[in-house]
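See structure below.
There are 2 protein chains.
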Amino acid sequence: MKLEILKNENHDIQKKIISKIRDLINHKNLEPGDKLPSERTLSEKFEVSRGNIREAIQKLEFYGLLESIPQSGTFVANIGVTAMNGMIEDILRLEEPDFKSLVETRILLELKTAQLAAMRRTEEDLQEIKDALDAYSEKVINGEDAVQEDLLFHLAIAKASGNSSMNTFMLIITPGIITNFEKYHVCDKNQAFLGIQEHTDIYAAIRSQDPKLAKEKMKAHFKILYQYCYNQK
Amino acid sequence: MKLEILKNENHDIQKKIISKIRDLINHKNLEPGDKLPSERTLSEKFEVSRGNIREAIQKLEFYGLLESIPQSGTFVANIGVTAMNGMIEDILRLEEPDFKSLVETRILLELKTAQLAAMRRTEEDLQEIKDALDAYSEKVINGEDAVQEDLLFHLAIAKASGNSSMNTFMLIITPGIITNFEKYHVCDKNQAFLGIQEHTDIYAAIRSQDPKLAKEKMKAHFKILYQYCYNQK
DNA sequence: TTATCTAAATTGGTTAACCAGATTGGTTTT
DNA sequence: AAAACCAATCTGGTTAACCAATTTAGATAA
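Chains as they are written, first to last, in my numbering: chain L, 12 to 244; chain S, 12 to 244.
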């Protein structure tokens, strides 16, 4: 409980620091390549710990807005003040994604990865998808829980898509999907049995290198989920 | 130069730690809820600094595989060994996305965000998109560089889509897109002038709440880019 | 024997000291 | 006057000490 509060406080502090950095860049008219004040200077100017400053800078570095060079300084990336302001505003605004956003995004990604996997899969990819499918089927037939095997099947397809961005994004949204699924108890035995057929259809389409069919079968697979989630709301 | 090497070494160390944690979970048959050895124990067992251990744990925490509780310990998340192994393998394998992956993913996301924005945009969203469009047009007409304003127009649409996951992903791929664009000098003056019309078309479709048209116009906008990027390869 | 309480040890998180390398300003040399 | 050099200073990065909360184990009391 207290953890949550602390973490939120910490998160708030980071947001405040980021907005102060933005204000500083605007006020001092810092242009691409200009150097920010040192971490120590900022920490006493903003009256926060140096660690907090470092975290904020690293976050802005992640989004490509700043660049830290050891033993030298932190510099404004090659991006103008306009885009800088717009992007920082976005970063500050971003709330934690709701379940609906996660599902919507997952479906979008999976329809594409299925399509791409059908186009690009190697024999090795295909074998891995097949293995995941078999593991899944076996668990379901034995009446065991197969959430993990289901997940691995989908991740195998993402891998076969040959697009590392989409693969990464699948991994990022996976935890949120799983926890929410378990919270809502979406998967029951009937759906699992139906899942075997749907998974098999998807696999077959990817094997026969039919992108359109793969997308179609993936869409069918998500149809129930999609409706279920939106009715839940 | 040396920075790169060091950073790669650091990255390698983290990967090694993550795979060692995976081995440990497998070897000790740690199940969901089980406690990992303390950070200090791990650091001397793996012969790395405690900071490295913390980074690796935080990364696995980000992907929902571990959970750290202050003054208590780090625990295996509610995810079985099968999925744990599969996901860690994926995490270790993920390479930096190439330009093609980035563009492919951006197009996928933007076609959807345009569509969703047309469905869900509020009056406020619409105004912000309009402002971004005007700022872009003005720069282009004055013959100035308008890369930033172009970017902000697209981010405004992502915001209006009402899907925070997609919005986040757009922000994540943006830096890679920008740096590569500048590297390849994609945008020239002619494209910028053409861009005004295309942007205006997209805006009009979103204003008139026509999802299908919005997607179509966005597709047209990306057509040149898409071909250009793939020809570049 | 069981339950309860207390103090010591353990935990993840945080802070302050330290490090190596880059920068800078002044000095010396040519 | 200009170039070369050098030491003091400043930088982000790293490490070790510290902290408060928690857990644990043993002593005590019922």
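Every residue, glycine too, gets a C-beta built ideally from N, C-alpha and C.
Counting C-beta atoms within 10 angstroms of its own C-beta, T124 (chain L) has 16 or more neighbours from the protein chains shown and is therefore classed as buried. The C-alpha of L144 (chain S) is placed about 44 Å away from the C-alpha of H210 (chain L).
For D23 (chain L), the closest Cβ of chain S is not nearer than 8 Å.
From the listed residues S:K46, S:F86, S:I80, S:G97, the smallest Cα separation to E160 (chain L) is found for S:G97. The alpha-carbon of H165 (chain L) is positioned some 8 Å away from that of E121 (chain L). At a cut-off of 8 Å, the C-beta of M229 (chain S) has no neighbouring C-beta in chain L.
Proximity of P186 (chain S) to chain L, defined by a Cβ-Cβ separation below 8 Å, is satisfied. According to the DSSP assignment, S112 (chain L) belongs to the alpha helix (DSSP H) that extends over 110 to 131. By the criterion of at least three beta-carbon pairs nearer than 8 Å, the segment 97 to 114 of chain L is in contact with the segment 173 to 186 of chain S. At least one C-beta of chain S is nearer than 8 Å to the C-beta of F180 (chain L). Each of S:P81, S:I189, S:T179, S:I24 was checked against the Cα of L162 (chain S), and the nearest Cα belongs to S:I189. Residues I207 of the same chain have their beta carbon placed closer than 6 Å to that of S148 (chain L), with the five preceding and five following residues left out of the count. In the DSSP assignment, T85 (chain L) forms a beta bridge with L:S79.
Taking a 10 Å sphere around the C-beta of L103 (chain L), we find fewer than 16 other C-beta atoms and assign the residue as exposed. Assignment of beta-bridge partners to K46 (chain S) by DSSP yields S:F86.
Cβ-Cβ distances below 8 Å link I217 (chain S) to A125, A128, A129, R132, L137, I140, I168, A171, A225 in the same chain, with the five nearest sequence neighbours on each side left out; the list follows chain order. Residue environment for G75 (chain L): buried (at least 16 other C-beta atoms within 10 angstroms of its C-beta).
G154 (chain L) counts as exposed, since fewer than 16 other beta carbons sit within 10 angstroms of its beta carbon. For a Cβ distance threshold of 7 Å, residue set T93 of chain S lies close to E160 (chain L), ordered along the chain. Going by C-alpha positions, F57 (chain L) is about 12 Å away from P48 (chain L). Taking a C-beta distance under 8 Å as the contact criterion, A67 (chain L) and I29 (chain L) qualify as a contact pair.
Taking a beta-carbon distance threshold of 8 Å, N174 (chain S) counts as an interface residue toward chain L. Chain L places a beta carbon closer than 8 Å to that of D101 (chain S), counting this residue as a contact. Annotated as distal: F73 (chain S) and D45 (chain S), with beta-carbon spacing of 8 Å or more. Taking 7 Å as the upper bound on Cβ-Cβ separation, chain S lies near residues K123 of the segment 121 to 141 of chain L.
Positions of the alpha helix (DSSP H) runs, each at least 4 residues long and wholly inside the segment 163 to 230 of chain L, are given as 175 to 195, 200 to 218 in order along the chain. Taking Q220 (chain L) as the centre and dropping the five residues before and after it, the same chain places the C-beta of A129 closer than 6 Å to its C-beta, in chain order.
Under the three-state reduction of DSSP, Y74 (chain S) is assigned to coil, being neither helix nor strand.
Secondary structure note for G97 (chain L): its alpha helix (DSSP H) is the uninterrupted segment 92 to 104. The beta carbons of A215 (chain S) and A157 (chain S) sit no closer together than 8 Å. Boundaries of the alpha helix (DSSP H) harbouring K150 (chain L): 134 to 152, taken from the DSSP string.
Interface flag for G75 (chain S) against chain L is set, since a Cβ pair is found closer than 8 Å. Against chain S, the CB of P222 (chain L) has no partner CB under 8 Å away; the residue lies outside that interface.
Listed by position along chain L, the residues whose Cβ is nearer than 9 Å to that of K170 (chain S) are D101, R104.
P43 (chain S) is outside the set of residues whose beta carbon lies under 8 Å from a beta carbon in chain L.
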